[in-house]
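See below for the structure under consideration.
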Amino acid sequence: MTAPALQVEDLSIAFGRGEARRTIVSNVSFSLYPGEVTALVGESGSGKTLLSKALIGLLPGGAAVTGGHISLDGERLDAAGFVKARRGRIAFIFQEPMTSLNPFMRIGAQMTDTMRALPARQRHDHVMEMLRKVRIHQPEKVLRRYPHQLSGGMAQRVMIATALAAKPSLVIADEPTTALDAIVQDEILELLQSNCRDMGAGVLLITHDLSTVANVAQTCHVLERGRIVESGSVKTVIRQPAHPYTRKLLAAIPPPRAPQPPTPSAAVPLIEARHITREISKGGWPRQKNATRILHDVSLAIDEGETTIIIGESGSGKTTLSRIFAGLDPASSGQMLYRGIRPGKHESAPPRRTAFIFQDSAGALNPTMRVDAIVGEGLLFDRTISRVERKQRVAAALEAVDLDPALGTRLPHQLSGGQRQRVNIARAIVLRPELIIADEPVSALDLIAQKTILDLFARLKAEMGFAFLIVSHDLGMVEHMADQVCVIYGGVLVEIGPRSAIFARPAHPYTRQLLSATTTLRAAPDGAFHLERRTVPPSTLQNTYQPHTGAHQQEPFRYIEIEPRHFVAHSL
635 MTAPALQVED
645 LSIAFGRGEA
655 RRTIVSNVSF
665 SLYPGEVTAL
675 VGESGSGKTL
685 LSKALIGLLP
695 GGAAVTGGHI
705 SLDGERLDAA
715 GFVKARRGRI
725 AFIFQEPMTS
735 LNPFMRIGAQ
745 MTDTMRALPA
755 RQRHDHVMEM
765 LRKVRIHQPE
775 KVLRRYPHQL
785 SGGMAQRVMI
795 ATALAAKPSL
805 VIADEPTTAL
815 DAIVQDEILE
825 LLQSNCRDMG
835 AGVLLITHDL
845 STVANVAQTC
855 HVLERGRIVE
865 SGSVKTVIRQ
875 PAHPYTRKLL
885 AAIPPPRAPQ
895 PPTPSAAVPL
905 IEARHITREI
915 SKGGWPRQKN
925 ATRILHDVSL
935 AIDEGETTII
945 IGESGSGKTT
955 LSRIFAGLDP
965 ASSGQMLYRG
975 IRPGKHESAP
985 PRRTAFIFQD
995 SAGALNPTMR
1005 VDAIVGEGLL
1015 FDRTISRVER
1025 KQRVAAALEA
1035 VDLDPALGTR
1045 LPHQLSGGQR
1055 QRVNIARAIV
1065 LRPELIIADE
1075 PVSALDLIAQ
1085 KTILDLFARL
1095 KAEMGFAFLI
1105 VSHDLGMVEH
1115 MADQVCVIYG
1125 GVLVEIGPRS
1135 AIFARPAHPY
1145 TRQLLSATTT
1155 LRAAPDGAFH
1165 LERRTVPPST
1175 LQNTYQPHTG
1185 AHQQEPFRYI
1195 EIEPRHFVAH
1205 SL
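Under the working numbering, the first residue of the sequence shown carries the number 635, and numbering increases by one thereafter.
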């Protein structure tokens, strides 16, 4: 019988010492065999990431293994063994690439640093090959960039390419596809699987995406409060769960909303982008020679109280467009209108009427400020609000997002991931905005936390009546929440329409490809869960516009209306 690549026996991990010791992971045992994908699932705080860091000997300060042991390829690992294993036998794909990549090193230097045994030219060729495998366009340019010059999805792909470049025997992937669209996610997961097949490597997949688990893993372990409560084949654990906690995780998958007739557009939208173009040249300055075009002739209107969701691949311009709506980035050309009126000369967005929820909930909060100061910071610019009223509004905002106002005295690092995201939401709603812009607001949260946050969004929106502009790649969330869906590809808004029309009758080839790459778990009447891949009906529409990727100029196009409020980009 083949020996396991990874053997974990009765592993326990705790923080503190003596009477203050707090056990986080208790008596965890499992095996991972070569060529196998094993999934570890559970909600935030269940101990998944802590366990994964113990497997490479990189526990955070204050944490220690208090029992059990870890073996790699039959060799029991000690402190020296972990150091040796990290030099190539074990690769780790971290959950947060922006905080895991060195901000002072170019991408090329960071990637080649893991392959010092190879000649310089061979290292470069291998890095280029790996970047192409993870669908990085223009890899030569990416190698010269710093991490802050990449989108979240591109940084995630760089992390994956770096991990696989060393050809390890064990890959530990902590939420490796949370920032990726469905098409790239499919390709990345296939890359991980082919890595297993070709090199006999094992993959430990740590994720909250149960559809991904059902699609790629062979075995699954469910972790609740540091204990494995259910283990077995994916077919048994995910599709026919036995433990109540596993069923609770599956029940949190958001269901699609019922089809709805398209509503007529408002005479005057709340906010409107007209022919927005965004170009960036070397040094970040727009409108320079040989500039890279990020957005090309984008026009988008959002009505009062409407939820508009932008979808598309990483690096397509989704976040850039959302930042232009928020006034955080300037447009190279085009104009923004608020209720039909263009903002003043020095205003790129309506002041204090727009709030932004950032993708990185931890990085968006000042680590040196208390929670109540973070939430109330935006109110400091309104001199009509007294200190007492500001304190009352901060407390009310925290209560509105189901947080105890007493948490206002804490610092961000003292909160869980779900609590930090609620603080970000409280900071947005305390301003009483008419438009909230959210960039991947639930991508880093587990299914239960996602459901809680989505329910919170629905309640706050119903109570306050604000419009919502969301950037997302989670099509399950899009189908659950959206009124209007916008599809961006290569910096061009290639299709826009009501949610029911986009999902039932997608017209552009990229939209169709994106939807057909989506898999989801659905509950059957007998209580079992089945993995479904979306079937997309054929389209007879010809001559749809195909954007170029790169710095050269885009060709002109026009939009054709194929049904009420459903438009697709068409070549001239």
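Cβ atoms here follow ideal geometry from the backbone N, Cα and C, with glycine treated the same way.
Note that the structure is a prediction, hence the values are computed from the model and not measured.
Quick one: complete beta strand (DSSP E) runs, 3+ long, within the segment 824 to 876?
Fully enclosed beta strand (DSSP E) runs of 3 or longer: 836 to 840, 853 to 858 and 861 to 867.
Assess, as a yes-or-no matter, whether the segment 1012 to 1027 is touched by the segment 1094 to 1109 under the definition of 3 or more beta carbon pairs within less than 8 Å.
The answer is no - the segment 1012 to 1027 does not touch the segment 1094 to 1109, with fewer than three Cβ pairs under 8 Å.
Just reading off the beta strand (DSSP E) that Gly946 is part of, what are its end residues?
Your numbering for residue 946 matches position 312 in the sequence shown. First-last of the beta strand (DSSP E) with Gly946: Thr941 to Gly946.
Span of the alpha helix (DSSP H) holding Glu763?
Taking the sequence shown and counting its residues from 1, the one referred to as residue 763 is at position 129. Counting along the chain, the alpha helix (DSSP H) containing Glu763 begins and ends at Ala754 to Lys767.
Can you pull the DSSP bridge partners for Leu802?
Translated into the one-based positions of the sequence shown, residue 802 becomes position 168. In the sequence as presented, Leu is not what sits at residue 802; that position holds Pro. Answer by DSSP bridge pairing: none, since Pro802 is not bridged.
Let me know the secondary structure DSSP gives His1182 once reduced to three states.
Locating residue 1182 in the sequence shown gives position 548, where the first residue counts as 1. Looking at His1182 - three-state DSSP - the assignment turns out to be coil, as it is neither helix nor strand.
Considering only the beta carbon of each residue, do Ile806 and Leu838 sit closer than 8 Å?
The residue labelled residue 806 in the question sits at position 172 within the sequence shown. The residue labelled residue 838 in the question sits at position 204 within the sequence shown. Contact: yes.
From what residue to what residue does the alpha helix (DSSP H) around Gly742 run?
The residue you call residue 742 lines up with position 108 of the sequence shown. Looking at the DSSP string, the run of the alpha helix (DSSP H) that includes Gly742 is Ile741 to Thr746.
Assuming His1204 is part of the alpha helix (DSSP H), what are its boundary residues?
As a first step, residue 1204 must be located in the sequence shown, where it is residue number 570. Here His1204 belongs to no alpha helix (DSSP H); instead the beta strand (DSSP E) covers His1200 to Ser1205.
Mind listing, in chain order, the continuous beta strand (DSSP E) runs of no fewer than 3 residues lying wholly within the segment 678 to 722?
Here the runs fully enclosed are 697 to 706.
Across the segment 1101 to 1121 and the segment 777 to 786, are there enough close Cβ pairs to call them in contact, namely three or more that are closer than 8 Å?
No, the segment 1101 to 1121 does not touch the segment 777 to 786.
With the cut-off set at 8 Å, would you say Glu1068 and Ala1040 are in Cβ contact?
Position 434 of the sequence shown, counting from 1, holds the residue named residue 1068. Position 406 of the sequence shown, counting from 1, holds the residue named residue 1040. Not a contact, by the Cβ cut-off of 8 Å.
Around the C-beta of Glu1074, are 16 or more other C-beta atoms found within 10 angstroms, so that it is buried, or is it exposed?
Sequence index remark: in the sequence shown, residue 1074 carries index 440 (1-based). The residue is buried, with at least 16 neighbouring Cβ atoms inside 10 Å.
What residue from Lys952, Thr942 and Leu1148 has the CA that sits closest to Asp1117's CA?
Here residue 1117 corresponds to residue number 483 of the sequence shown, with the count starting at 1. If we check each option's Cα against that of Asp1117, Thr942 comes out closest.
Tell me Tyr1123's beta-bridge partners as DSSP assigns them.
Taking the first residue of the sequence shown as position 1, residue 1123 is located at position 489. Per DSSP, Val1126.
Does the separation of the CB atoms of Arg721 and Leu706 fall below 8 Å?
Position 87 of the sequence shown, counted from the first residue, corresponds to residue 721. Position 72 of the sequence shown, counted from the first residue, corresponds to residue 706. Not closer than 8 Å, so no.
Count the other C-beta atoms from every protein chain shown that fall within 10 angstroms of the C-beta of Val717, then say buried if there are 16 or more, exposed otherwise.
Walking along the sequence shown from the start, residue 717 turns up at place 83. Its Cβ having fewer than 16 others within 10 Å, Val717 is exposed.
What does Asp808 pair with, by DSSP beta-bridge criteria?
Along the sequence shown, read from residue 1 onward, the residue named residue 808 stands at position 174. The partner list for Asp808 (beta bridge, DSSP) reads Ile840.
Decide if the segment 667 to 678 is in contact with the segment 855 to 868; the criterion is three or more beta carbon pairs, one per stretch, under 8 Å apart.
Output reads yes: the segment 855 to 868 touches the segment 667 to 678.
Going by DSSP, name the residue or residues bridged to Arg1192.
Position 558 of the sequence shown, counted from the start, is the residue given in the question as residue 1192. According to DSSP, which records beta bridges pairwise, Arg1192 is partnered with His1204.
In three-state terms, what does DSSP make of Met970?
The count along the sequence shown starts at 1 and reaches residue 970 at position 336. Three-state result, Met970: strand.
Please name the residue or residues paired with Gln1118 in a DSSP beta bridge.
Position 484 of the sequence shown, counted from the first residue, corresponds to residue 1118. Its beta-bridge partners are Thr942 and Pro1132.
Using alpha carbons as the reference points, say which of Lys869, Asp644 and Tyr879 lies closest to His1164.
Taking the sequence shown and counting its residues from 1, one reaches residue 1164 at position 530. Looking at the Cα atoms, Lys869 is the closest of the given residues.
Within the chosen definition, does the segment 821 to 841 reach the segment 741 to 755 through at least 3 CB pairs nearer than 8 Å?
Result no; under three Cβ-Cβ pairs closer than 8 Å.
Alpha carbon to alpha carbon, how far is Gln756 from Gly701? Give it in angstroms, no decimals.
Here residue 701 refers to the residue found at position 67 of the sequence shown. Here residue 756 refers to the residue found at position 122 of the sequence shown. Cα-Cα distance, rounded: 43 Å.
Which of helix, strand or coil does DSSP assign to Glu643?
Working through the sequence shown from its first residue, we reach residue 643 at position 9. Strand at Glu643.
Look at the alpha carbon of Glu670 and the alpha carbon of Pro964, and state the distance between them as a whole number of angstroms.
Start at 1 with the first residue of the sequence shown, and residue 670 comes out as number 36. Start at 1 with the first residue of the sequence shown, and residue 964 comes out as number 330. One C-alpha to the other measures close to 48 Å.
So what's Glu1033 in DSSP terms, helix, strand or just coil?
Locating residue 1033 in the sequence shown gives position 399, counting from the first residue. Glu1033 falls in the helix class under three-state DSSP.
Could you name the residues of the same chain whose beta carbon sits closer than 8 Å to that of Thr1043, not counting the 5 residues immediately before and after it, in chain order?
Your numbering for residue 1043 matches position 409 in the sequence shown. For Thr1043, where only same-chain residues beyond five positions count, the Cβ hits under 8 Å are Arg1004, Val1005 and Asp1006.
For the alpha helix (DSSP H) that Ile958 lies in, which residues bound it at each end?
Taking the sequence shown and counting its residues from 1, the one referred to as residue 958 is at position 324. Its alpha helix (DSSP H) spans residues Lys952 to Ala960.
Answer with buried or exposed for Asp759, where buried requires no fewer than 16 other C-beta atoms within 10 angstroms of its C-beta.
The sequence position of residue 759 within the sequence shown is 125, counting from 1. Exposed is the call here.
Taking 8 Å as the threshold (C-beta atoms), are Gly949 and Gly787 in contact?
Here the question's residue 787 lines up with position 153 in the sequence shown. Here the question's residue 949 lines up with position 315 in the sequence shown. Yes; because the gap between Cβ atoms is below 8 Å, this pair is in contact.
Please determine, among Gly939, Asp1016 and Val932, the residue with the shortest C-alpha to C-alpha distance to Thr954.
Position 320 of the sequence shown holds residue 954. Comparing Cα positions, the closest option is Val932.
Which stretch, first to last residue, makes up the beta strand (DSSP E) that contains Ser734?
Walking along the sequence shown from the start, residue 734 turns up at place 100. No beta strand (DSSP E) holds Ser734; the alpha helix (DSSP H) holding it covers Pro731 to Ser734.
Check each candidate in Ala1092, Arg766 and Ala800 and name the one with the smallest Cα separation from Leu752.
Here residue 752 is taken as the residue at index 118 of the sequence shown, counted from 1. Taking only the C-alpha atoms, the option nearest Leu752 is Ala800.
Looking at the C-beta of Ile958, does it have a partner C-beta in chain B at a distance below 8 Å?
Here there is only one protein chain, and chain B is not present.
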